[in-house]
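Going by my numbering, the sequence shown opens with residue 117, and the numbers climb by one from there.
Every residue gets a Cβ at the ideal spot worked out from N, C-alpha and C, and that includes glycine.
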Amino acid sequence: MTVLDRMPADNLASRITDGPTGYSGVDGDEEWAAEIRRLADLRGATLLAHNYQLPAIQDVADHVGDSLALSRIAAEVPEDTIVFCGVHFMAETAKILSPDKTVLIPDQRAGCSLADSITADDLRAWKAEHPGAVVVSYVNTTAAVKAETDICCTSSNAVDVVESIPADREVLFCPDQFLGAHVRRVTGRENIHVWAGECHVHAGINGDELADQARNHPEAELFVHPECGCATSALYLAGEGSFPEDRVRILSTGGMLEAARDTGARQVLVATEVGMLYQLRRAAPQVDFQAVNDRASCKFMKMITAAALLRCLVEGKDEVDVDPETARLARASVQRMIEIGQPGGGE
Ligand code: SF4
């Protein structure tokens with residue numbers, strides 16, 4: 117008997133429709149949540165949800181967090197099936213760290229404009245122009261790019277990773293130009309070449325916008341999440357002085373939630389994908405959390421809908437696979453990062 121056979125006759129799954137922006141037709145209500153939990157148990161699956169997922173997805177998941185933290189949880193939990201509610205490179209990272217487990221993503225079309233800004237072919241060609249250079253890649257990259265990488269990094273440890281490389285070695289840093297510029301500024305290193313990639317979601321956060329926000333909200337603090345590719349432009353601009361330094365807090369997701377509970381500020385501006393606001397408001401309802409850029413919503417993250425997750429558990433799709441040699445090489449670049457220091461959580 118398949119999982120589908122055990123579904124109620126008038127089942128929710130019959131309402132799922134597919135379209136260019138993803139699966140829809142099902143509400144993330146209590147009936148749906150109960151069905152999701154039932155199907156997850158039947159499959160022996162753990163549900164992981166990234167911080168920028170829709171509230172209903174976060175609420176039904178076993179664990180919510182950053183991509184790297186979730187990938188490490190995926191490797192540790194006893195379940196053999198991991199359902200990764202996030203974008204594709206994140207599910208790939210979980211597969212890289214758990215090669216013997218089945219990793220499912222509710223919609224494999226959920227990509228990432230930052231990860232897609234460099235391919236493995238692009239990177240091979242770039243390396244050929246700079247023989248002997250050390251390649252440092254942000255975790256928001258595909259498995260194939262990680263396999264061509266010497267050391268991965270997150271925004272939390274990008275400076276440490278680059279500083280661990282002998283000063284006379286050239287560095288190729290990809291794919292995020294804002295994080296690369298931040299690292300170049302902090303390390304003072306001139307032999308670092310930065311790939312011109314960016315996340316489309318937050319390319320709109322600019323210095324004028326941040327300075328305006330500082331003027332219009334004179335009492336507010338600014339929380340910037342460094343492990344988020346989409347917040348690296350804000351990280352760069354905050355470092356440039358677009359927002360008064362004493363009111364800027366660069367925080368991991370966990371740190372952001374702690375700071376939300378402890379802050380004396382009545383208002384906090386948040387420079388990251390808007391999905392994070394859901395957790396912050398829940399953690400500290402007395403604080404007025406506002407997005408620096410309320411257009412900063414990732415359409416790829418939001419493709420993981422209630423309907424997509426239901427379809428995933430009913431059909432056992434979409435499975436994420438990484439060929440073993442690519443996974444081995446990619447895993448080595450992640451391991452080197454972990455050996456250098458505190459990696460934080462990834463995006
Ligand atoms: S917010 Fe930007 S970096 Fe994050 S998954 Fe979406 S496109 Fe990629």
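Which same chain residues, not among the five before or five after Glu-335, have their C-beta less than 8 Å away from its C-beta?
In the sequence shown, residue 335 corresponds to position 219, counting from 1. Hits under 8 Å: Ala-381, Arg-382 and Gln-383.
Assuming Thr-197 contacts Asp-178 under a Cβ cut-off of 8 Å, what Cβ separation, rounded to an integer in Å, is found between them?
Locating residue 197 in the sequence shown gives position 81, counting from the first residue. Locating residue 178 in the sequence shown gives position 62, counting from the first residue. Distance from Thr-197 to Asp-178 at the Cβ level is roughly 12 Å; contact not present, criterion being Cβ atoms closer than 8 Å.
Does the ligand SF4 have even one heavy atom less than 6 Å from the beta-carbon of Val-251?
By one-based count along the sequence shown, residue 251 stands at place 135. Because no heavy atom of the ligand SF4 lies under 6 Å away, the Cβ of Val-251 does not count as near it: no.
What is the DSSP secondary structure of Asp-126, counted as helix, strand or coil?
Here residue 126 refers to the residue found at position 10 of the sequence shown. Caution applies to Asp-126, whose pLDDT of 48 falls short of 50 and renders its modelled position unreliable; the value that the coordinates give is listed next. Here Asp-126 sits in coil by DSSP.
CB of Glu-208 to nearest heavy atom of the ligand ATP: below 6 Å?
Questions concerning the ligand ATP fall outside what the structure shown contains, since the ligands it does hold are the ligand SF4.
Host beta strand (DSSP E) of Phe-289 (start-end):
The sequence position of residue 289 within the sequence shown is 173, counting from 1. Residues 287–290.
With 16 other Cβ atoms within 10 Å as the buried cut-off, status of Val-302:
For the purposes of this step, residue 302 is taken as residue 186 along the sequence shown, with counting starting at 1. For Val-302, the number of other beta carbons within 10 angstroms of its own is below 16, and it is reported as exposed.
So, with DSSP's three-state summary, where would you put Met-453?
Translated into positions along the sequence shown, residue 453 becomes position 337. Note: Met-453 maps to helix in three-state DSSP.
By alpha-carbon positions, which one of Ala-226, Leu-184 and Gln-293 ends up nearest to Asp-136?
Residue 136 sits at position 20 when you count from the first residue of the sequence shown. With the sequence shown as reference, residue 136 is identified as Pro, and Asp is not the correct amino acid for it. Between Pro-136 and the set Ala-226, Leu-184 and Gln-293, the nearest pair of CA atoms involves Ala-226.
Which residues bound the alpha helix (DSSP H) around Cys-414?
Here residue 414 is taken as the residue at index 298 of the sequence shown, counted from 1. Going by DSSP, Cys-414 is part of no alpha helix (DSSP H) at all; its letter is neither H nor E.
Does the beta carbon of Asn-256 fall short of 6 Å from some heavy atom of the ligand SF4?
Within the sequence shown, residue 256 is the residue found at index 140, counting from 1. Closer than 6 Å to some heavy atom of the ligand SF4: that describes the Cβ of Asn-256.
Just verifying my parser: in three-state terms, what is the DSSP assignment at Thr-218?
On the sequence shown, residue 218 is found 102 positions in, with the first residue counted as 1. Thr-218 carries a strand assignment under DSSP once its states are collapsed to helix, strand and coil.
Less than 7 Å separating the beta-carbons of Leu-230 and Cys-290?
Stepping through the sequence shown from its first residue, residue 230 is reached at position 114. Stepping through the sequence shown from its first residue, residue 290 is reached at position 174. In this structure, Leu-230 sits away from Cys-290, with a CB-CB distance that is not shorter than 7 Å.
Tell me whether Glu-306 counts as near the ligand SF4, meaning its Cβ is closer than 6 Å to at least one heavy atom of that ligand.
By one-based count along the sequence shown, residue 306 stands at place 190. Checking the Cβ of Glu-306 against the ligand SF4 gives no.
Are the beta-carbon atoms belonging to Arg-363 and Glu-337 less than 7 Å from one another?
One-based indexing of the sequence shown puts residue 363 at position 247. One-based indexing of the sequence shown puts residue 337 at position 221. Against a cut-off of 7 Å, the Cβ pair of Glu-337 and Arg-363 comes out as a contact.
Look up Ala-165 in the DSSP assignment and say whether it is helix, strand or coil.
For the purposes of this step, residue 165 is identified with residue 49 of the sequence shown, where counting begins at 1. Strand, per DSSP.
My guess is that Arg-377 and Ala-407 are in contact by the Cβ rule of under 8 Å, so how many angstroms apart are they, rounded?
Along the sequence shown, one-based indexing puts residue 377 at 261. Along the sequence shown, one-based indexing puts residue 407 at 291. Going by Cβ atoms, the distance from Arg-377 to Ala-407 rounds to 19 Å, so no, they are not a contact pair.
Classify Asn-256 as buried or exposed, calling it buried when 16 or more other Cβ atoms lie within 10 Å of its own Cβ.
Counting from 1 along the sequence shown, the entry for residue 256 is found at position 140. Asn-256 sits buried, since 16 or more C-beta atoms from the chains shown fall within 10 Å of its C-beta.
When you compare the CB positions of Ala-422 and Trp-242, do they come within less than 7 Å of one another, or not?
Translated into positions along the sequence shown, residue 422 becomes position 306. Translated into positions along the sequence shown, residue 242 becomes position 126. The Cβ-Cβ distance between Ala-422 and Trp-242 does not fall below 7 Å.
When the Cα atoms are used, what is the spatial distance from Leu-445 to Met-419?
Against the sequence shown, residue 445 aligns to sequence position 329. Against the sequence shown, residue 419 aligns to sequence position 303. Taking the straight line joining both Cα atoms gives about 29 Å.
Considering only their Cβ atoms, is the gap separating Ala-412 from Pro-222 smaller than 7 Å?
If you number the sequence shown from 1, residue 222 lands on position 106. If you number the sequence shown from 1, residue 412 lands on position 296. In this structure, Pro-222 sits away from Ala-412, with a CB-CB distance that is not shorter than 7 Å.
What do you reckon, are the CB atoms on Ile-456 and Ser-280 nearer than 7 Å?
The sequence position of residue 456 within the sequence shown is 340, counting from 1. The sequence position of residue 280 within the sequence shown is 164, counting from 1. Ile-456 is a Cβ neighbour of Ser-280, given a cutoff of 7 Å.
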